[in-house]
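Residue numbers (my numbering): 17 to 780.
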Amino acid sequence: MLARLRQIVQEVGSESDLESVLSLTVRRIRETMSTEVCSIYLTDTQTNRYVLRATEGLNQDAVGKVSLSSTEGIVGLVGSRAEPINLEDAFTHPSVVYLQSTGEERFHAFLGVPIIHQRKVHGVLVVQQREVRRFDESEEAFMVTLSAQLAGVIAHAEATGSILDVFAAAKQDDEPVTAKRFVGIAGAPGVAIGNVYVATLSADLRSVPDKPANDIQAELQDFEHALVQVREDIQKVSDSLATRLRTEEQALFEVYLRMLDDNAIPSEVRTKIEAGNWAQGALREVIQAHVRQFSDMEDPYLRERATDIRDLGRRLLSAMQQEGAERVPDFPDNTVLIADDLSPAMLGLVPEDKLVGMVSVTGSGSSHAAILARSMGIPTLMGVVELPYTKLDGRQVIVDGYSGRIYVDPTDDLLEAYSSILKEERAIEANLDQLRDLPAETQDGFNQTLWVNTGLTADVERAVKRGAEGIGLYRTEIPFMIRDTFPSELEQADSYRRQLEAFAPKPVTMRTLDIGGDKALPYFPIEEENPFLGWRGIRVTLDHPEIFLVQVRAMLRASEGLNNLRIMLPMISSVQEVEAALEQINQAFNELLEEGLDLQKPEIGVMIEVPAAVYQIGRFAPLIDFVSVGSNDLTQYLLAVDRNNPRVADLYTTYHPSVLQALQLIANEAHKYQKQVSICGEMAADPGGALLLMAMGYDVLSMNSTNLPKVKLAIRSVEYKDAALLLGQVMKMDESSDIHLLLRETLQNAGLTQLTRPVLPGND
Ligand code: PEP
Ligand code: MG
């Protein structure tokens, strides 16, 4: 049963449109359970009725026509109770309502289970049988498990289906219909209006969008080149293994080559290209159709061939992508970049003067892609899990980075409303620019030091422009991520020197390589079940002294004559790790002295981002010069909430009482041991959060340069003693949502409405 269940989920998951998802589901369930009827009713959100959308066993003419309200029939009861109902004889149930046109009056046994996705009932899945019998426990368990697993697929296909309907309707009448809205997580604030460019994941057919072929001949040529290359590759592998393989294994290569024969897959792809899809989209269409056909087959050997087709598709796609990599796509002026999994490495894909917004189907507000987006000041959404992104290439969208919404094919009213927000935002920014050379000083004369976080090349320029007084966190792993190999010592030294020079004599805090978690290097993959609790940060570099030593040597080399370098260690959880890292830093330092460099010892600090570190500041103190709080990870680890997972995003909050307590404790402990304490997590970039941190006693707040003027304005608008009172009040509160409200109110009362979220259209 388990194998069958997996197979159904996989098969249904590879269908791309709602009708196929639903019809395949009912077909497969009826076969597997040997029932006479299997049907799916989906919730119509407009009328709040359950509409029969697919059936095997009931009258097909009734599909799309019959429906039940949430108080009607047993289907309505399953939906409103949100639990399964298993009846030996539905005829005897008081709620029974027969939908005459379906022909269901012949069936007695009834089992209905709700289809629930993200706490919402999307519909009801039903099996029925003529005889009077109760479906047994294992059948009920099968239906519940299958429904839970398919709910996401159905919800996604539903969203995709409706967007296609909208598109079709708009085309027919030449009139835009209501815009389609998808909801995700606000990743970076702001508003963008633009046209979509879908970034395809490397060799991932599912993420290939449909796009009109601008030049059919060029698309055909792209495909032919890929074909030649893949044929050659397969032939080469086959030749090199010829002596080692048995005849039947060798025959597999023959099968591959036959599939690539001109009359087979290639001719179908060519037809699709000639019909107007670009080469990669045409390939996706053809491969998916074949995979579906093979997966449907009864014979296990033939069913397995679906894997071969997928593999061939991947090879052809990869060849086309490599060929296309040299060509710079024609990005529209206002590009909204959409990706299945927006990674830090993808952020440089679109030239900055053309990029206005970004959207990721996966990830969350604390993912590194979102952090970098905030630093670039590009409105961004994360975790828009139901977005049918492959259908959106070239379409107009509004990205609302405040509420986490994206509108596809916006109406004129929406466009007008959001254009005026855009205009207001620009005016606010121009005002903030005037703060550049003013200190972050409260009304009663307290001076707060503000530094910036950097990582992207453009960050340095942005930071200097915004008047930063130093760098509190340079994420060195970011430049490592957009390369094909580890950079050499001299290459690293070169880029570090540029950061140090741009700020000298102001301090620059360079963090040693912090890879793992959601930061992967393409040339150093780390595959783990639980990456955030795995091989991350200092754990990786201590295991690889050759990487660590080269990086530290590069930092030290770059600091010669400038002497404004500080080195910071990520993910520290024990004294032993600090000692081991210091030993290597000393080794690198001494080696360079021996090589004749004139160096000063840099300050060394540790990040406090693992709860274990919070309680060891006194032990670290004799070994280090400063501590810096990574509130992003500290929040994730204190609350046991994956910072990258959209499902639990609403549980991730830095304003949780336990996080605030830990932050206060860290500041007190650091001062007890006369160590400088800074914070470089995202909380420092939130104007309300910055007021609390100032009152807690943080010596330095380090944030993205886009937010620096906003934080400065907040600090300049309050008295230190009022911030201290605010902190006292907040520390007594239990609910982070109440704390948010209080901070918002405080900013508004200080006349800082421009630092709070604007009033947005469509915010029901
Ligand atoms: C943090 O964890 O708060 C931090 C600053 O580091 P990163 O976000 O890069 O993990
Ligand atoms: Mg961190």
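Idealized CB from N, CA, C, for every residue including glycine. Bear in mind that the values here come from a model prediction, so they are computed numbers and not experimental data.
Tell me the DSSP secondary structure of residue i in three-state form.
i: residue 276; result: coil
i: residue 140; result: strand
i: residue 532; result: strand
i: residue 190; result: Confidence at residue 190 is low in this model, with a pLDDT of 47, below 50, so the placement of that residue should be treated as unreliable; the coordinate-derived value is given next. Three-state DSSP puts residue 190 in coil, outside helix and strand.
i: residue 205; result: coil
i: residue 183; result: With a pLDDT of only 46 at residue 183, under 50, the local geometry of the prediction cannot be trusted, and no value is derived from it.
i: residue 61; result: coil
i: residue 776; result: coil
i: residue 397; result: strand
i: residue 416; result: strand
i: residue 130; result: strand
i: residue 764; result: helix
i: residue 219; result: coil
i: residue 317; result: helix
i: residue 771; result: helix
i: residue 714; result: coil
i: residue 235; result: helix
i: residue 581; result: strand
i: residue 169; result: helix
i: residue 650; result: helix
i: residue 210; result: strand
i: residue 257; result: helix
i: residue 103; result: strand
i: residue 632; result: coil
i: residue 125; result: strand
i: residue 53; result: strand
i: residue 145; result: strand
Quick one: what's got a C-beta closer than 8 Å to residue i's C-beta in the same chain, skipping five residues either side?
i: residue 768; result: 703, 729, 730, 733
i: residue 98; result: 130, 132, 137
i: residue 70; result: 35, 38, 39, 41, 42, 55, 56, 79
i: residue 120; result: 53, 74, 114, 144
i: residue 447; result: 770
Using the DSSP secondary-structure output, state which residues sit across from residue i in a beta bridge.
i: residue 198; result: 422
i: residue 642; result: 621, 692
i: residue 540; result: 537
i: residue 807; result: In the structure as shown, the chain begins at 17 and stops at 780. Residue 807 is therefore absent and cannot be evaluated.
i: residue 526; result: 490, 583
i: residue 373; result: 352
i: residue 228; result: 293
i: residue 469; result: 489
i: residue 387; result: Answer is none; residue 387 lacks a bridge partner.
For chain D, find out if any of its Cβ atoms is closer than 8 Å to the Cβ of residue i; answer yes or no.
i: residue 678; result: Protein chain content of the structure displayed is limited to a single chain, and chain D is not contained in it.
I think residue i touches residue j, with their Cβ atoms under 8 Å apart; what is that distance to the nearest whole Å?
i: residue 56; j: residue 139; result: 6 Å
i: residue 3; j: residue 643; result: Not covered by the structure: residue 3. The range shown for the chain is 17 to 780.
i: residue 483; j: residue 514; result: Going by Cβ atoms, the distance from residue 483 to residue 514 rounds to 19 Å, so no, they are not a contact pair.
i: residue 212; j: residue 354; result: 5 Å
i: residue 598; j: residue 639; result: 6 Å
i: residue 298; j: residue 288; result: 3 Å
i: residue 364; j: residue 378; result: In fact, because the Cβ distance is near 19 Å, the residues do not count as touching under 8 Å.
i: residue 386; j: residue 629; result: Not quite, the Cβ-Cβ distance comes to about 24 Å (not below 8 Å), so this is no contact.
i: residue 633; j: residue 689; result: 7 Å
i: residue 95; j: residue 59; result: 7 Å
Could you name the residues of the same chain whose beta carbon sits closer than 7 Å to that of residue i, not counting the 5 residues immediately before and after it, in chain order?
i: residue 161; result: 21
i: residue 102; result: 127, 150, 151, 156
i: residue 444; result: 770
i: residue 189; result: At residue 189 the pLDDT is 46, less than 50, meaning the model places this residue with poor confidence; the figure from the coordinates comes in the next sentence. Within the same chain, residue 189 has no close Cβ partners at all.
Can you name, in chain order, every residue of its own chain whose Cβ lies under 6 Å from the Cβ of residue i, other than the five neighbours on each side?
i: residue 144; result: 53, 123, 126
i: residue 384; result: 360, 534, 535
i: residue 29; result: 169
i: residue 393; result: 722
i: residue 736; result: 458, 460, 462
Residue i: beta carbon under 7 Å from a heavy atom of ligand 3?
i: residue 379; result: Looking at this structure, you won't find ligand 3 anywhere; what it does contain is ligand 1 and ligand 2.
inquiry  = Is it the case that the stretch 735-755 contacts the stretch 691-711, given that we only count it when at least three CB pairs across the two stretches are under 8 Å?
reply    = The stretch 691-711 makes contact with the stretch 735-755, as at least three CB pairs between them are under 8 Å.
task = Decide if the stretch 658-674 is in contact with the stretch 744-764; the criterion is three or more beta carbon pairs, one per stretch, under 8 Å apart.
result = The stretch 658-674 is in contact with the stretch 744-764.
inquiry  = I'd like to know if the stretch 85-92 and the stretch 41-54 are in contact, where contact means that at least 3 CB-CB pairs between them fall below 8 Å.
reply    = Of all C-beta pairs linking the stretch 85-92 to the stretch 41-54, fewer than three are shorter than 8 Å, placing the two stretches out of contact.
task = Say whether the stretch 23-34 touches the stretch 157-172, bearing in mind that this needs 3 or more beta-carbon pairs closer than 8 Å, one atom from each stretch.
result = Contact holds: three or more Cβ-Cβ distances are below 8 Å.
query = Are at least three pairs of beta-carbons, each pair with one atom in the stretch 487-506 and one in the stretch 405-419, less than 8 Å apart?
reply = Because the criterion of three Cβ pairs below 8 Å is not met, the stretch 487-506 and the stretch 405-419 do not touch.
task = Say whether the stretch 597-615 touches the stretch 572-588, bearing in mind that this needs 3 or more beta-carbon pairs closer than 8 Å, one atom from each stretch.
result = Taking one beta carbon from each stretch, the stretch 597-615 and the stretch 572-588 have 3 or more pairs nearer than 8 Å; the two touch.
task = Specify whether the stretch 231-249 and the stretch 320-339 touch according to this definition: at least 3 beta carbon pairs, one from each stretch, less than 8 Å apart.
result = Contact between the stretch 231-249 and the stretch 320-339 is established, with three or more Cβ pairs separated by less than 8 Å.
query = Does the stretch 500-520 come close enough to the stretch 468-488 to have 3 or more Cβ pairs within less than 8 Å?
reply = Contact holds between the stretch 500-520 and the stretch 468-488, because three or more Cβ pairs, one in each stretch, are under 8 Å apart.
ask   = Per the contact definition of three or more C-beta pairs closer than 8 Å, is the stretch 502-513 in contact with the stretch 543-550?
value = Not touching, per the Cβ criterion.
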